[in-house]
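Chemist: Chains as they are written, first to last, in the numbering used here: chain A, 1 to 302; chain B, 303 to 659.
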Amino acid sequence: MSIITSIASVTMLAQTARTAVPYVLASQGGVWSERSGVVNVALEGMMLAGGLASVAVAHDHGPALGIVAALAVGAALGALHAIITEWGRIDAIVSGVAINIVALGGTRVVMRALYQSSSNSPSMTGFEAYGGGIVGRVVFDPLFAAALGAVVATAVALRVTRFGLRVRACGEGPRAARAAGIAVVRTRVIAVAIGGALAALGGAALAYDEHQFQSGMSGGRGFIALAAVVLSGWRAGRAAALCVVFAALDALQVVLQGHARALQDMVQMLPFIAALLALALLSRNRGHAGAPPAGLGTNATE
Amino acid sequence: MSARTATRLALEADIWTIAAGTAVAQIAFATLVWLYGDSPRAMTMLMVEGTWGSAYGIGQVMFKATPLLFTGLAVHVGLRAGLFNVGAEGQLAVASLAVGAIGAWLPASTPALVAVPLLVVVAGCVGASWAAPAALLRAVGAHEVISTILLNRVAAALVGLLLGLGLAQKGAVRTPDVVPHARLARLDRLIPSFEGSAVSTAVLIGVATVAITLWILPRSRAGREQELVAKNDEACFVEGIPVAWRRAQALLVSGALAGLASLGTVLGYKGYYEQGLGAGAGFAGLAVAILGRGRLLGIVFAALLFGTLAQGGLAINAHVPAEVMEVIQGVVIVAVALGDARIRSWLTSKLVVLGAR
Numbered sequence: 001m002s003i004i005t006s007i008a009s010v011t012m013l014a015q016t017a018r019t020a021v022p023y024v025l026a027s028q029g030g031v032w033s034e035r036s037g038v039v040n041v042a043l044e045g046m047m048l049a050g051g052l053a054s055v056a057v058a059h060d061h062g063p064a065l066g067i068v069a070a071l072a073v074g075a076a077l078g079a080l081h082a083i084i085t086e087w088g089r090i091d092a093i094v095s096g097v098a099i100n101i102v103a104l105g106g107t108r109v110v111m112r113a114l115y116q117s118s119s120n121s122p123s124m125t126g127f128e129a130y131g132g133g134i135v136g137r138v139v140f141d142p143l144f145a146a147a148l149g150a151v152v153a154t155a156v157a158l159r160v161t162r163f164g165l166r167v168r169a170c171g172e173g174p175r176a177a178r179a180a181g182i183a184v185v186r187t188r189v190i191a192v193a194i195g196g197a198l199a200a201l202g203g204a205a206l207a208y209d210e211h212q213f214q215s216g217m218s219g220g221r222g223f224i225a226l227a228a229v230v231l232s233g234w235r236a237g238r239a240a241a242l243c244v245v246f247a248a249l250d251a252l253q254v255v256l257q258g259h260a261r262a263l264q265d266m267v268q269m270l271p272f273i274a275a276l277l278a279l280a281l282l283s284r285n286r287g288h289a290g291a292p293p294a295g296l297g298t299n300a301t302e
Numbered sequence: 303m304s305a306r307t308a309t310r311l312a313l314e315a316d317i318w319t320i321a322a323g324t325a326v327a328q329i330a331f332a333t334l335v336w337l338y339g340d341s342p343r344a345m346t347m348l349m350v351e352g353t354w355g356s357a358y359g360i361g362q363v364m365f366k367a368t369p370l371l372f373t374g375l376a377v378h379v380g381l382r383a384g385l386f387n388v389g390a391e392g393q394l395a396v397a398s399l400a401v402g403a404i405g406a407w408l409p410a411s412t413p414a415l416v417a418v419p420l421l422v423v424v425a426g427c428v429g430a431s432w433a434a435p436a437a438l439l440r441a442v443g444a445h446e447v448i449s450t451i452l453l454n455r456v457a458a459a460l461v462g463l464l465l466g467l468g469l470a471q472k473g474a475v476r477t478p479d480v481v482p483h484a485r486l487a488r489l490d491r492l493i494p495s496f497e498g499s500a501v502s503t504a505v506l507i508g509v510a511t512v513a514i515t516l517w518i519l520p521r522s523r524a525g526r527e528q529e530l531v532a533k534n535d536e537a538c539f540v541e542g543i544p545v546a547w548r549r550a551q552a553l554l555v556s557g558a559l560a561g562l563a564s565l566g567t568v569l570g571y572k573g574y575y576e577q578g579l580g581a582g583a584g585f586a587g588l589a590v591a592i593l594g595r596g597r598l599l600g601i602v603f604a605a606l607l608f609g610t611l612a613q614g615g616l617a618i619n620a621h622v623p624a625e626v627m628e629v630i631q632g633v634v635i636v637a638v639a640l641g642d643a644r645i646r647s648w649l650t651s652k653l654v655v656l657g658a659r
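Structure (structure tokens):
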């Protein structure tokens, strides 16, 4: 099969949709966190923690409870990140990098405690497929629906709800928000916890899709999702759309399996190079609409 | 207020930070071992025996600390210009591959006086070149954290690709051996009791590099302006300081220093490059920079502390996974960053009272 026909196929479309789920969920997590004013480079670590939590719990208690576990662990890590940065007044990048290091090492420690192997978990079964064929299997996956739902919910909640307005106020001007009576630290902790839960759900989606957890399996998806958030101008829908583009480049790897090794290695770099190029091209001359939240990275009490 | 008082206070702050960092690492270690279901006391004994308990162990700690001296300094050079170079990992990987490949390609008779300086330049240039896209992107307004992280992933894939495309030995996933004279001598040739440990003269080069860099930075125009840009870029712009260039320069120097860590791994240890050699040193560099606070004593100590954790992890790995040390690293980063803000404000208030500022 030639390269062109493998790329332009229904399989490729379905693969893209399937690959996009973890990216999209993580990006919505990034939107919640950063719109509240907390820089979040820890999406990657939150995905890893969520992935392992889901697999570990799903093993004995079924996939639904696995998802609950992932959400809980993600929310806890998100809250921790926000508390460290807001209460401890540490730079959010330091905290984020530390969380990533802890998550990568910690998942390996937990795996060795649970499975006597620090590289991967035993295989498990995620949600049963509700549809037939490759398209059906992707579209009727509950986590695919969850990703779609997360985008709509994030966009709507940030735009029209009272809580969403508060989150945005904390992101745009924490001091003004505080003066207006908003509990900035609490609002940020909740927003970043929601974001952490969504990123962890992305990690769970990745693990369910692979039918096991592997050390470091997020493979940079959290960072790509963060790049998508920045490129989108911190907007839910556009971030998700960009994630689908990056996911399509990622899906090429699956579709091109069986072609030359060097080609596959090159394809592996594509999402990252694309994100870098997009940053280079789109960062210049940012209009008002694409600007970051004005209070991103600043403290309410500074 | 004499300069001597200020020096003494700064030294006091160094010692407090060092003590606090060690204490946090100790507590975190004991807690994690206990959570894992093993005896903290027995594991601490095992870890101390495996590290500072013998000359071999001390040599191994110094060996593990060697790349961290370079990456810690690299991250610090970025931080003082207000930039987070989270890309030391990728800069080191690409530089290591270049050093391994070019070191092997040199004629076998190349004398050490040519080979080593040449490979140092290669390591620095390639490390800097891998920071260059981030420097460029920063100039057009893209945050360096995202771009350096993305470059890490590209580096990992690129190294695999190039090794696969012919830089590796036939049938292996590593470069051929570098020429004999390019290798840095093991310290056990000077001090026989280090027998068997992998510590090399690279550790001395590392300490010297940290000392010289920290001495030059506040004494050169470029170094001073990099720090000023971090403090107030708008004032710098008005003053005519080339703000964008100073930032780019700091990132390039940072990348070069990260690349130099390959002296400890490729030239001082293996004598070739294989994928994954030196992995983790880039991220540990952030921990070293935060604990080291841009002071010679601090950076050397921090590198030794994390070197101890890395070597100690191997000593206990049969009972408790070595990865607990990564968790400790993360905990120390946060704890020291929390404490550092307090130490700084304490030091500043003292200096204000004494009239130094």
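In this text, a Cβ means the ideal position worked out from N, Cα and C, and glycines have one as well.
(1) Interface residues of chain A around A639 of chain B at Cβ under 9 angstroms?
(2) Quick one: which chain B residues come within Cβ less than 8 angstroms of L276 of chain A?
(3) Shortest alpha-carbon distance to P271 of chain A belongs to which of A:Q257, A:A176, A:A248, A:A291?
(4) Would you kindly report the start and end of the unbroken alpha helix (DSSP H) that includes W407 of chain B?
(5) According to the neighbour-count rule (16 or more other Cβ atoms, all chains shown, within 10 Å of its Cβ), is A417 of chain B buried or exposed?
(6) Whose C-beta lies closer than 8 angstroms to the C-beta of A205 of chain A among residues of the same chain, with five residues either side of it excluded?
(7) Can you tell me whether DSSP reads R476 of chain B as helix, strand or coil?
(8) Verify the CB distance criterion: does G355 of chain B have a CB-CB separation below 8 angstroms to chain A?
(9) Using Cβ-Cβ distances below 8 angstroms, what residues of the region 376 to 404 of chain B are close to chain A?
(10) Under 8 angstroms, do L348 of chain B and A617 of chain B count as touching if we go by C-beta distance?
(11) CA-CA distance, A177 of chain A and G297 of chain A?
(12) For the region 156 to 182 of chain A, list the alpha helix (DSSP H) runs that are entirely contained and at least 4 residues long, ordered along the chain.
(13) Pick out whichever of B:R595, B:V636, B:L640 has its Cα sitting closest to the Cα of L313 of chain B.
(14) So is V667 of chain B buried or exposed if we call it buried at 16+ other beta carbons inside 10 Å?
(15) Can you say whether R659 of chain B is buried or exposed, counting buried as having 16 or more other CB atoms within 10 angstroms of its CB?
(16) Answer yes or no: does any C-beta atom of chain A fall closer than 8 angstroms to that of G374 of chain B?
(17) Take L242 of chain A and list the residues in its own chain whose beta-carbon comes closer than 7 angstroms to its own, dropping the five residues that flank it on each side.
(18) For A240 of chain A versus Q28 of chain A, is the C-beta distance shorter than 8 angstroms?
(19) Using a C-beta to C-beta distance shorter than 8 angstroms, which residues of chain A count as neighbours of I635 of chain B?
(20) Tell me the DSSP bridge mates of N120 of chain A?
(21) Where does R659 of chain B fall in DSSP's three states?
(22) Exposed or buried, what is T125 of chain A when buried is set at 16 or more other beta-carbons lying within 10 Å of its beta-carbon?
(23) Can P292 of chain A be considered in contact with the ligand NAD, in the sense that its beta carbon sits closer than 7 angstroms to one or more heavy atoms?
(24) Given a cut-off of 8 angstroms, decide if G96 of chain A and N40 of chain A are closer than it, judged by their beta-carbon atoms.
(25) Measure the C-alpha to C-alpha separation of D141 of chain A and A17 of chain A and round it to an integer number of angstroms.
(26) From R476 of chain B to A193 of chain A, what does the alpha carbon distance come to, in whole angstroms?
(27) Is A70 of chain A closer than 8 angstroms to G45 of chain A when the C-beta atoms are compared?
(28) Going along chain E, which residues have a C-beta under 7 angstroms from S218 of chain A?
(29) For F246 of chain A and V109 of chain A, I'd like the C-alpha separation in whole angstroms.
(30) Around the Cβ of W517 of chain B, are there at least 16 other Cβ atoms within 10 angstroms (buried) or fewer (exposed)?
(31) Within the 8 angstroms Cβ cut-off, does M266 of chain A reach chain B?
(32) Which residues bound the alpha helix (DSSP H) around V379 of chain B?
(33) Rounded to the nearest angstrom, what separates P435 of chain B and Q362 of chain B at their Cα positions?
(34) Taking only beta carbons into account, state which residues of the region 104 to 115 of chain A come closer than 8 angstroms to chain B, listed in chain order.
Modeler: According to the data block:
(1) I84, G88, I90, D91, V94, S95, A98
(2) P435, L439, S449, L452, L453, V456
(3) Comparing Cα positions, the closest option is A:A248.
(4) 390 to 407
(5) buried
(6) V21, P22, L25, L143, A146, A147.
(7) strand
(8) With 8 angstroms as the cut-off, G355 of chain B does not count as an interface residue toward chain A.
(9) Correct list: F386, V388.
(10) yes
(11) 15 angstroms
(12) 162 to 172, 174 to 179
(13) B:R595
(14) For chain B, the structure presents residues 303 to 659; residue 667 of chain B sits outside this window and is missing.
(15) Note that R659 of chain B has pLDDT 41, beneath the 50 cutoff, so the model's placement of it is unreliable and the number below is only indicative. The residue is exposed, with fewer than 16 neighbouring Cβ atoms inside 10 Å.
(16) no
(17) Spatial neighbours of L242 of chain A in its own chain (CB-CB distance under 7 angstroms, excluding positions within 5 residues in sequence) are listed in chain order as A228, L231, S232.
(18) Between A240 of chain A and Q28 of chain A, the gap from beta carbon to beta carbon is short of 8 angstroms.
(19) V94, V97, A98, I101
(20) Note: N120 of chain A is bridge-paired with A:Q214 in the DSSP secondary-structure output.
(21) No answer about R659 of chain B holds up, because its pLDDT of 41 lies below 50 and its placement is not dependable.
(22) exposed
(23) Among the components modelled here there is no ligand, and therefore nothing to report on the ligand NAD.
(24) yes
(25) 11 angstroms
(26) 43 angstroms
(27) no
(28) Structure shown: chain E not included; protein chains present are A and B.
(29) 31 angstroms
(30) exposed
(31) yes
(32) 357 to 381
(33) 35 angstroms
(34) Of all residues in the region 104 to 115 of chain A, only L104, G105, G106, R108, V109, R112, A113 place a beta-carbon less than 8 angstroms from a beta-carbon of chain B.
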